[in-house]
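J.: Quick one: structure below, then a few questions.
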Amino acid sequence: MSVPTNAPLKQHCRITELDSLRALAAINLVLFHFTHVYAVKFGFSTPLGGQWPFGAYGVMMFFILSGFVNSMSLMRRGKPRDFLAARLIRIVPLFYIAIVANLVICRAAPLNSDPISTPQFLANLTLMPRVFGYQCIDPVMWTLQVEMMFYVLLVALMRFGGLRNYFVGWGVLLFGSLTLCPTLDMLQASYGSTVWFAVGTAVRHLLALDFVPMFAIGFLLYQIKTNTGRLSLNLAGIVVAATIFHCIDHGKHNPAATMLITAVVAAAAWGSMPLLRFRALVYISGISYAVYLCHNNLGCVLMNTFDQAGVSPVACLLIVIVFSFSVGLIVTRRIEQPITRRLQAFYQRRYATT
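The sequence shown begins at 55 in our numbering and counts up one residue at a time.
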């Protein structure tokens, strides 16, 4: 699969349909956490009457979207420094605020018996706690660690020619996924406490090897969108990436769902889904990061409070959903956007001529 290409990487403006898919992924995540995950971890006083167990597919769609959108963003900006700065400015400040808020929430109204230790808190500040062997303070934030590592991988590929010769660059990463992930899974029971196993696990997390296939699919869709490389090889690469993903995920995902999600992302990228231009979805997309960071721990505490007070599970669910998106809106408008604007202005002044 080592096929270099010298085709120009074309630029594209923002694609509304992809924003709407991100909104749907956020809605999927909220429903998954407040129905399925909450019911499993804490339970309702009386049965909810139904669950939304499809959270994993929302994550899959988000990572494929990320592979497409961030490849487009990096190519459009041209400078890895500008790309990373834009990502860090958008992600890190609100993430730190959310980490501190979650620390306060978990201490004031703990739902879990395990307290948050200082090393765990410090590891979370790196955005990569699992690399150091710690769990995320908010369990949903594991996807952000994967996302951050993808940004680094994407820039590294660009620096070392792995985006021009992208079948080589992605091929190496996919080979790592296919070999290291199942090997570590197979040996965990016998060697899980050894130093070399810990090192291998850290490498696995640092390179996001479990999810490289999803990012590769998004990247290859972008290559097709920009007419970069041979169409047949790009399509074959998507098939290979999807196959590798299902070889290493132990049957957690349905291959038919992978095909469907890939097709939906492709259709959205080509503007073939006018239903996704629905204004409400585009609006939700704009507050999705704040919703992602703020909904889980705070929402579960609120859910538990109302549930223990005798409020029906359906009413509890509706309350926390409305609350979560309201908090997401307020945080986006009053905190995230002002901070982002100021940091972007500072960065542009500081590096405008460099």
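Even for Gly, the Cβ is constructed at its ideal location relative to N, Cα and C.
What separation, rounded to the nearest whole angstrom, lies between the Cα atoms of Asn-219 and Val-209?
T.: Their backbone Cα atoms lie some 14 Å apart in a straight line.
J.: If Gly-121 sits next to Ile-271, beta carbons under 8 Å apart, how far is it from one beta carbon to the other, in whole angstroms?
T.: Contact holds; Cβ gap of about 6 Å.
J.: Would you mind working out which of Asn-281, Ser-99, Met-313 and Ser-74 sits nearest Ile-292, comparing C-alpha positions?
T.: Met-313
J.: Decide if Trp-224 is buried, meaning its Cβ has at least 16 other Cβ atoms within 10 Å, or exposed.
T.: buried
J.: Under 8 Å between the Cβ atoms of Val-154 and His-349?
T.: no
J.: When you compare each of Ile-341, Ser-366 and Pro-367 to Leu-148 by their alpha carbons, which one comes out closest?
T.: Ile-341
J.: By how many angstroms is the C-alpha of Leu-176 removed from the C-alpha of Met-129?
T.: 33 Å
J.: Would you tell me roughly how many angstroms separate the C-alpha atoms of His-66 and Thr-394, rounded to the nearest one?
T.: At His-66 the pLDDT is 48, less than 50, meaning the model places this residue with poor confidence; the figure from the coordinates comes in the next sentence. Approximately 23 Å between the Cα atoms of the pair.
J.: Look at Met-268 and Met-114 and say whether their C-beta atoms are less than 8 Å apart.
T.: yes
J.: Going along the chain, which residues of its own chain have a beta-carbon closer than 6 Å to the beta-carbon of Asn-156, five neighbours each way excluded?
T.: Ile-191, Asp-192 and Asn-351
J.: Determine the extent of the alpha helix (DSSP H) in which Val-185 is found, giving its start and end residues.
T.: It is not in any alpha helix (DSSP H) - Val-185 carries neither H nor E in the DSSP assignment.
J.: If you draw a straight line from the alpha carbon of Leu-241 to that of Ile-118, how long is it in whole angstroms?
T.: 29 Å
J.: Can we count Pro-367 as close to the ligand FMN, meaning its CB is less than 7 Å from some heavy atom?
T.: The ligand FMN is not part of the structure shown, which contains no ligands of any sort.
J.: In chain order, what residues of the same chain have a beta carbon less than 6 Å from the beta carbon of Gly-187, not counting five sequence neighbours either side?
T.: none
J.: Identify, in the order they occur along the chain, each residue of the same chain with its Cβ nearer than 8 Å to the Cβ of Asn-60, setting aside the five sequence neighbours on each side.
T.: For Asn-60, the predicted structure reports a pLDDT of 41, less than 50, and the residue's modelled location is therefore unreliable. The matter cannot be settled from this model.
J.: Tyr-259 by DSSP, collapsed to three states: which one?
T.: Note on residue identity: the sequence assigns His, not Tyr, to residue 259. The answer is helix: DSSP assigns His-259 an H, G or I state.
J.: Quick check: what's the CA-CA separation for Ala-134 versus Val-257?
T.: The sequence as given places Pro at residue 134; Ala does not occur at that position. One C-alpha to the other measures close to 23 Å.
J.: Between which residues of its own chain and Asn-358 is the CB-CB distance below 7 Å, once the five residues before and five after are set aside?
T.: Taking C-beta separations shorter than 7 Å and ignoring five residues to either side along the sequence, the partners of Asn-358 in its chain run Phe-96 and Leu-165, following chain order.
J.: Less than 8 Å separating the beta-carbons of Leu-211 and Ala-262?
T.: With respect to Ala-262, Leu-211 sits apart: the two C-beta atoms are not nearer than 8 Å.
J.: Is there contact here, the segment 373-384 with the segment 71-91, by at least three beta-carbon pairs under 8 Å?
T.: yes
J.: What number of angstroms, rounded off, separates the C-alpha of Tyr-150 from the C-alpha of Tyr-346?
T.: Straight-line Cα distance between these residues: approximately 14 Å.
J.: With a floor of 4 residues, list each alpha helix (DSSP H) that falls wholly inside the segment 194-257, ordered by position along the chain.
T.: 196-213 and 220-245
J.: Under the three-state reduction of DSSP, which class applies to Gly-109: helix, strand or coil?
T.: helix
J.: Can you tell me where the alpha helix (DSSP H) holding Val-318 begins and where it ends?
T.: 309-323
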